[in-house]
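Trainee: Protein chains in written order, with this note's numbering: chain R, 10 to 411; chain G, 17 to 418; chain W, 16 to 191. Here a beta-carbon is modelled for each residue, glycine too, at the ideal position from N, C-alpha and C. Nothing here was measured: the structure is a model prediction, and the numbers come from that model.
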Amino acid sequence: MANAIEDDPRIIEFDVRTDEMLVNMGPQHPSTHGVLRLVLRTDGEIVSEVEPHIGYLHRCAEKIGENLTHRQWIPYTDRMDYLAAMNMNLGWSLAVEKLMKYEVSEKARHLRVLIAELGRIASHLVGMGAYGLDLGTFSPFLYAFREREKILDLFEEACGARLTYSYITIGGLTADLPPGWLQRCEAFLDQFEPIIQEYHTLLTTNAIFVKRTAGVGVLSRDMAIEYGCSGPVLRGSGVDQDLRRDGEAIYTAMYDGYAFEVAVQKDGHYPRDHEYPAVPAGTVLGDCWHRFFVRMLEVVQSMDLVRQSIDRYSACKGTIGEPLKLAEKMPAGDAYLETECPKGQMGFYLVSDGSAKPWRVRARSSSFSNLAVTPELCRGCLIADVPAVVGSLDIVMGEIDR
Amino acid sequence: MVDFLTSTIGLSGWLAWTLAATVSAVLILNVIAGGALVFIWAERKVSARIQDRLGPTRTGGRFGWLQSLADGIKLLAKEDLMPEGADGMLFRLAPYVSFCASFCAFIALPFAFDVVGQRLNVAVFFVVAVLGLEVFGVILAGYASASKWSLFGAMREAAQVVSYEVPLGMCVVVPVMLAGSMDMVTIAEKQAGWFWNWYVFHDPFTFVIFWVYVTCAVASVNRAPFDLAEAESELVAGFHTEYSGLRWSYFFMAEYGSMFLVSAMAAVLFLGGWNGPIPVATLLGFSEGTGDTAPYLIRLLGLANLVGKASLGVIIMMWIRWTLPRLRIDQVMTTCLKYCTPIAAVMFAGAMLWQIGLPGGLIPGAGRPGGEIREGWLEGPGGRAAAPPAADESRDVARVAP
Amino acid sequence: MRGPAFLQQLQEAVPDAVVGDNLTALDPWIEIAAGKVAEVCRWLAKSSPVRFDSLQCITAVDWLEVDPKKAAKASWEPHTELVYHLWSTPAKASLVLKCKLPRWKNDVPGDLPEVPSVTGVWRGADWHEREVYDLSGVWFTGHPDLRRILCPEDWEGYPLRKDYEQPLDYHGIRGR
Numbered sequence: 010m011a012n013a014i015e016d017d018p019r020i021i022e023f024d025v026r027t028d029e030m031l032v033n034m035g036p037q038h039p040s041t042h043g044v045l046r047l048v049l050r051t052d053g054e055i056v057s058e059v060e061p062h063i064g065y066l067h068r069c070a071e072k073i074g075e076n077l078t079h080r081q082w083i084p085y086t087d088r089m090d091y092l093a094a095m096n097m098n099l100g101w102s103l104a105v106e107k108l109m110k111y112e113v114s115e116k117a118r119h120l121r122v123l124i125a126e127l128g129r130i131a132s133h134l135v136g137m138g139a140y141g142l143d144l145g146t147f148s149p150f151l152y153a154f155r156e157r158e159k160i161l162d163l164f165e166e167a168c169g170a171r172l173t174y175s176y177i178t179i180g181g182l183t184a185d186l187p188p189g190w191l192q193r194c195e196a197f198l199d200q201f202e203p204i205i206q207e208y209h210t211l212l213t214t215n216a217i218f219v220k221r222t223a224g225v226g227v228l229s230r231d232m233a234i235e236y237g238c239s240g241p242v243l244r245g246s247g248v249d250q251d252l253r254r255d256g257e258a259i260y261t262a263m264y265d266g267y268a269f270e271v272a273v274q275k276d277g278h279y280p281r282d283h284e285y286p287a288v289p290a291g292t293v294l295g296d297c298w299h300r301f302f303v304r305m306l307e308v309v310q311s312m313d314l315v316r317q318s319i320d321r322y323s324a325c326k327g328t329i330g331e332p333l334k335l336a337e338k339m340p341a342g343d344a345y346l347e348t349e350c351p352k353g354q355m356g357f358y359l360v361s362d363g364s365a366k367p368w369r370v371r372a373r374s375s376s377f378s379n380l381a382v383t384p385e386l387c388r389g390c391l392i393a394d395v396p397a398v399v400g401s402l403d404i405v406m407g408e409i410d411r
Numbered sequence: 017m018v019d020f021l022t023s024t025i026g027l028s029g030w031l032a033w034t035l036a037a038t039v040s041a042v043l044i045l046n047v048i049a050g051g052a053l054v055f056i057w058a059e060r061k062v063s064a065r066i067q068d069r070l071g072p073t074r075t076g077g078r079f080g081w082l083q084s085l086a087d088g089i090k091l092l093a094k095e096d097l098m099p100e101g102a103d104g105m106l107f108r109l110a111p112y113v114s115f116c117a118s119f120c121a122f123i124a125l126p127f128a129f130d131v132v133g134q135r136l137n138v139a140v141f142f143v144v145a146v147l148g149l150e151v152f153g154v155i156l157a158g159y160a161s162a163s164k165w166s167l168f169g170a171m172r173e174a175a176q177v178v179s180y181e182v183p184l185g186m187c188v189v190v191p192v193m194l195a196g197s198m199d200m201v202t203i204a205e206k207q208a209g210w211f212w213n214w215y216v217f218h219d220p221f222t223f224v225i226f227w228v229y230v231t232c233a234v235a236s237v238n239r240a241p242f243d244l245a246e247a248e249s250e251l252v253a254g255f256h257t258e259y260s261g262l263r264w265s266y267f268f269m270a271e272y273g274s275m276f277l278v279s280a281m282a283a284v285l286f287l288g289g290w291n292g293p294i295p296v297a298t299l300l301g302f303s304e305g306t307g308d309t310a311p312y313l314i315r316l317l318g319l320a321n322l323v324g325k326a327s328l329g330v331i332i333m334m335w336i337r338w339t340l341p342r343l344r345i346d347q348v349m350t351t352c353l354k355y356c357t358p359i360a361a362v363m364f365a366g367a368m369l370w371q372i373g374l375p376g377g378l379i380p381g382a383g384r385p386g387g388e389i390r391e392g393w394l395e396g397p398g399g400r401a402a403a404p405p406a407a408d409e410s411r412d413v414a415r416v417a418p
Numbered sequence: 016m017r018g019p020a021f022l023q024q025l026q027e028a029v030p031d032a033v034v035g036d037n038l039t040a041l042d043p044w045i046e047i048a049a050g051k052v053a054e055v056c057r058w059l060a061k062s063s064p065v066r067f068d069s070l071q072c073i074t075a076v077d078w079l080e081v082d083p084k085k086a087a088k089a090s091w092e093p094h095t096e097l098v099y100h101l102w103s104t105p106a107k108a109s110l111v112l113k114c115k116l117p118r119w120k121n122d123v124p125g126d127l128p129e130v131p132s133v134t135g136v137w138r139g140a141d142w143h144e145r146e147v148y149d150l151s152g153v154w155f156t157g158h159p160d161l162r163r164i165l166c167p168e169d170w171e172g173y174p175l176r177k178d179y180e181q182p183l184d185y186h187g188i189r190g191r
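Laid out in structure tokens, this is it:
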């Protein structure tokens, strides 16, 4: 009997046993977008479990905020999503203005739209370029940075900084635009518009790119909502939500009179306001490709908004007004406001006890919620898909760890 | 050379052979090392131009032409690190195994008519077999590094290279079949004349199989989009993650050596070898017999032809690398097993049937009859063919001449 | 749906849950008894006429005046307040839930106040609750994996509490 078992060829299966392997992806890894650490449990190339570990960039900005006045905290918001610092400034400024029931001048409002949308283009360019890098192609990254550089030049002219601007501030903006800036901005847009087609050729419609992203990391509509995902991640799953249209009155009022179509797939097709490449076969709504594509559409959408805001801004007479004083007292109470940042819905919660320093500030980070969904998306995928999924969420660790 | 040493200088046989072998080996070694330097510089420049950058501009005065040398010196000066848990001997051995495989394959590669380290009658077989050994170096490196990323890279390399040898072998067999010889000199010589004599234009099947060969060759030397073994966005740096300094540069030299080798193989097997698209020598009336310098001029021209073709191949590989995203491991295997192998098999059968059915080409008499040598100088008075057929089996070039 | 009518429905669905409200504030809020948080959230997410299907944020506000002079003038007793910001994707509406907790359970320093976890309602609550636990020291009962998320696992104290003192030394790294 014993011999029969030894001769049984199936026994070999028990002799050749494979072990699971724990692999640390990060915090020093080329494609984890900063100091993110992912612990992968792998069986060969197949990932059975992913556990993100965050906090390597934690600075407790919320605690710092309790010891500064509202305007002094603006530079700390810069350092949250440092790729879209303008939008961070805007979110915090609007939250404070909401509590103080302050309304900025018409000219400042249009300038804010102009700056915020340019910031969105810059952020999406990084997201798109870095995503190419995650999939192993280097050139689109540099093409994206070449254009982003021009936006940064414009920002530098306007406020003197290239990354952490502190430009949009409570009660308006720190300064008006220098002369000739609008012409240079328009020149940039005219030059940038045809280049988008390059990105589509290199990435969006590239056969290998589609193969790597189509059907990978599919985030269902319900799961996206349940996890509190937002921004392109949510819209990539087919949820029609954009706070610029659906948000609170104080935020949507900023976009009053602006025409734009939310970049989301509705009734099986994306907006048709411009020429976009067709959705390739094999993609599933909610996969990496769709998240990427939504970002590409938003670049075009933001360009439209920038053009509109240039017209409106130049039609406004007068000045943009003065920002609030550094230590202007806030009324007691609390206010929460979410804005549509490039990475998703960034919320700021502010509790005031009546002084100029907030009693408590809270930053609700979009990347934080977007990253939380990674374990669900990466279950059962290949190692090569992990950067593809994480890259498609377009996270910024500065914002997650705060 | 041996003849020269024994008869003119009067050295004893074994000494003459050793000296001759040493000279060939040193020459080839320098070709690889020098070639690698040139190609690394070229890669920097090509990638820079593709990406809208300048690349190195200052080292060496202009165009940064000394950049690779400067890199080399930097690598020499770098600290030689070895991970604590590494298997010391294998870790040190691995880069040399890789490099030796690449180097040995060059021995049988002809650069022009009879300009070859060692003319073998099984040269094609030898090159493919020895090039396959390179994978051992990579596996050793991955195994000995005591790093999970290296191990992943090594396993990927093993799976990929071993799979791609199958279609690669089938592609290589087709020119062998057409020429009736495994001797690379013979194969190239049979494609002499105008460019339509090249095997890539021999019949539709060889045209297709040439592209299959290109795909497999790129995959077998681990270049993008098949560079999974070192996929920097997934595996940090794959099998050479733990290497630094000179050892690392040996891997690099082996990679560039192999790139040149497979390109030269493509040139010899499909693109006429050292025969240019236009038979300049024949048109000018040069032949082996015209004067003393003609044979040297012809060989020099041939050398330029082959190196030019092979370099073009390398530059095309660079172009591909800086354009396309990387495939995933399962897609790489699918490309090999589901596409390349069946296509190569069918094309092989097709080329065989074509040889049986239409040995003279589609229009009888228009193409070149099988087995005929067109380049006049081979058969000219005083030429090699006029000499009594050599005892060497591989000299069937001479035998097929009328 | 108007605020008061909605509040009425909530009170009927989960009796004894609502302990206060302010529907005229900047962000109208409803105050919930600490023990009923999960129940209320389940109703809001699954059966309420306006489905609040997404949890945007959980905030813990530490109401403690460290300065004894100011503390004497404060109009409130020291406590911790949890604030839940909910969002309804179909209705594009937001809702704020508040919930008062003692700063320490049974006023024993070191014992964390407890509140039922809402991870069973929204899976996205997982990380938010871990963050609140990490920085403000609130224990969420029923959370599958409640451990520190932003601070190191062996960190001591809860940085966002008002009486938090930064350690002078962490594994040999000077703190101040």
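When you compare only the Cα positions, how much space is there between G/G273 and G/A117?
Mentor: The alpha-carbon atoms of G/G273 and G/A117 are separated by roughly 10 Å.
Trainee: Can you give the beta carbon distance from W/G8 to W/L59, rounded, assuming they're within the 8 Å contact cut?
Mentor: Residue 8 of chain W is absent from the structure shown; chain W starts at 16 and stops at 191.
Trainee: Which of the three DSSP states is assigned to G/L285 in this structure?
Mentor: If DSSP states are grouped into helix, strand and coil, G/L285 belongs with the helices.
Trainee: Under 8 Å between the Cβ atoms of G/V228 and G/C187?
Mentor: Yes.
Trainee: What residues of chain G sit near R/K159, judged by a beta carbon separation below 9 Å?
Mentor: Correct list: empty, because the minimum Cβ distance to chain G is about 13 Å.
Trainee: Enumerate in chain order the residues of its own chain whose CB-to-CB distance from W/Q24 is below 6 Å, with the five nearest sequence positions on each side excluded.
Mentor: Taken in chain order, the list of residues that qualify is empty.
Trainee: Evaluate the contact criterion for the stretch 326-340 of chain G versus the stretch 52-66 of chain G: three or more CB pairs, one atom per stretch, below 8 Å.
Mentor: Segments in contact, yes.
Trainee: In the DSSP assignment, find the beta strand (DSSP E) that holds R/I329 and state where it starts and stops.
Mentor: Looking at the DSSP string, R/I329 is not in any beta strand (DSSP E), and its letter there is neither H nor E.
Trainee: Note down the Cα distance separating W/G187 from R/M406, rounded to an integer number of angstroms.
Mentor: Rounded to whole angstroms, W/G187 to R/M406 spans 26 Å at the Cα level.
Trainee: When the Cα of R/E207 is compared with those of R/E156, R/V248, R/L172, which residue comes out closest?
Mentor: Taking only the C-alpha atoms, the option nearest R/E207 is R/E156.
Trainee: Do you know how far the Cα of G/G29 is from the Cα of G/F211?
Mentor: C-alpha separation (whole angstroms): 42 Å.
Trainee: Helix, strand or coil: which one does DSSP assign to R/G353?
Mentor: R/G353 falls in the strand class under three-state DSSP.
Trainee: If we ignore side chains and look at the alpha-carbon of each, how far apart do R/S401 and R/V225 end up?
Mentor: Taking the straight line from one Cα to the other gives about 10 Å.
Trainee: Output, in sequence order along the chain, the residues in the stretch 203-221 of chain R whose CB is closer than 8 Å to any CB in chain G.
Mentor: Answer in chain order: L211, L212, N215, I217, F218, K220, R221.
Trainee: Counting only beta-carbon separations shorter than 8 Å, does G/R419 have a partner in chain R?
Mentor: Absent from the structure is residue 419 of chain G, since the part of chain G shown begins at 17 and ends at 418.
Trainee: Would you report the Cα separation of W/D42 and R/A344, rounded to the nearest angstrom?
Mentor: So the two alpha carbons sit approximately 6 Å from each other.
Trainee: Give me, in chain order, the residues of the same chain whose beta-carbon lies closer than 6 Å to that of W/C72; leave out the 5 immediate sequence neighbours on both sides.
Mentor: So the list reads H100, once near-sequence residues are dropped.
Trainee: Compare the C-alpha of W/C56 against each of W/D36, W/D149, W/P174, W/V136 and name the closest.
Mentor: Taking only the C-alpha atoms, the option nearest W/C56 is W/V136.
Trainee: Short of 7 Å in beta carbon distance, which residues of its chain neighbour R/P289, apart from the five on each side in sequence? Order them along the chain.
Mentor: Closer than 7 Å at the Cβ level, and outside the excluded window around R/P289, lie T214, V219, A223.
Trainee: Below 8 Å on the Cβ atoms is my guess for R/A93 versus R/G128; work out the distance and round it to an integer in Å.
Mentor: So it is a contact: roughly 5 Å between Cβ atoms.
Trainee: Return no unless some Cβ of chain R is closer than 8 Å to the Cβ of W/C56.
Mentor: With 8 Å as the cut-off, W/C56 does not count as an interface residue toward chain R.
Trainee: Go through its chain and collect everything with a Cβ distance to G/A360's Cβ below 7 Å, but skip five positions before and after it.
Mentor: Here the set comprises P183, M186, C187, I225, V228.
Trainee: How big is the Cα-Cα spacing for G/V178 and R/G277?
Mentor: C-alpha separation (whole angstroms): 44 Å.
Trainee: DSSP state of W/D184, grouped into three classes?
Mentor: Three-state DSSP puts W/D184 in a strand.
Trainee: Can you give the Cα-Cα distance for W/P105 and R/T261, rounded to whole angstroms?
Mentor: Approximately 18 Å between the Cα atoms of the pair.
Trainee: Tell me whether R/P84 sits in a helix, a strand or coil according to DSSP, three-state version.
Mentor: It is helical.
Trainee: Could you give the uninterrupted runs of the alpha helix (DSSP H) lying entirely in the stretch 95-169 of chain W, keeping only those of 4 residues or more?
Mentor: List check, alpha helix (DSSP H) in window: 140-151.
Trainee: Taking DSSP as the reference, what is the three-state secondary structure of W/E171?
Mentor: Correct three-state label for W/E171: coil.
Trainee: Are the beta-carbon atoms belonging to R/V32 and R/L66 less than 8 Å from one another?
Mentor: Their beta carbons are not under 8 Å apart, which means R/V32 does not touch R/L66 by this criterion.
Trainee: Quick one: is G/W335 buried, meaning 16 or more other Cβ sit within 10 Å of its Cβ, or exposed?
Mentor: Flag for G/W335 reads exposed.
Trainee: Step through the CB atoms of chain R and report whether any lies within less than 8 Å of the CB of W/C114.
Mentor: Closer than 8 Å: no.
Trainee: I want to see whether chain R comes within less than 8 Å of W/D42, judged by CB atoms only; does it?
Mentor: With 8 Å as the cut-off, W/D42 counts as an interface residue toward chain R.
Trainee: If we ignore side chains and look at the alpha-carbon of each, how far apart do R/T98 and R/C238 end up?
Mentor: Note that residue 98 of chain R is Asn in the sequence shown, not Thr. Cα to Cα, R/N98 sits roughly 21 Å from R/C238.
Trainee: Measure the Cβ-Cβ separation of R/R46 and R/H62 and say whether it is below 8 Å.
Mentor: A contact, by the Cβ cut-off of 8 Å.
Trainee: Going straight from the alpha carbon of W/V29 to that of G/D346, what length do you get?
Mentor: Their backbone Cα atoms lie some 53 Å apart in a straight line.
Trainee: Between the stretch 336-355 of chain R and the stretch 373-386 of chain R, do at least 3 Cβ pairs fall closer than 8 Å?
Mentor: Yes: the two stretches touch, three or more of their Cβ pairs being nearer than 8 Å.
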